[in-house]
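Enquirer: Each residue of the sequence shown is one higher than the one before, counting from 22 in the numbering used here. Here it is, the structure, as structure tokens.
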Amino acid sequence: MNKLLIVGTVAFDAIETPFGKTDKILGGAGTYIGLSASNFNLQSAIVSVVGDDFPQEYLDLLTAKNIDISGIEVVK
């Protein structure tokens, strides 16, 4: 199996379009790369930093997609 180490941001995004605005949705380049790679039979791991306000449900989503999140540090 091919392996991919992702070093990038895991964050909240705020998106505004002509149709509306949304805040605090899962985003960041590291997140998008990891989720995309999960569709291609790659063993992926993310190295990043998030604040302690980052929802556990988002980390659980990454884990459910077989992305190793042991490299994500949660800081206060």
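No residue lacks a Cβ here, since even glycine has one placed at the ideal position from N, Cα and C.
Do you know offhand how far N60's Cα is from I88's?
Expert: 11 Å
Enquirer: Per DSSP, which one or two residues make a beta bridge with V70?
Expert: E94
Enquirer: Would V71 be called buried (16 or more neighbouring beta carbons within 10 Å of its own) or exposed?
Expert: buried
Enquirer: Taking 8 Å as the cut-off, does the segment 49-65 touch the segment 24-32 (at least 3 CB pairs, one atom from each stretch)?
Expert: yes
Enquirer: What first and last residue would you give for the beta strand (DSSP E) that runs through T38?
Expert: 32-38
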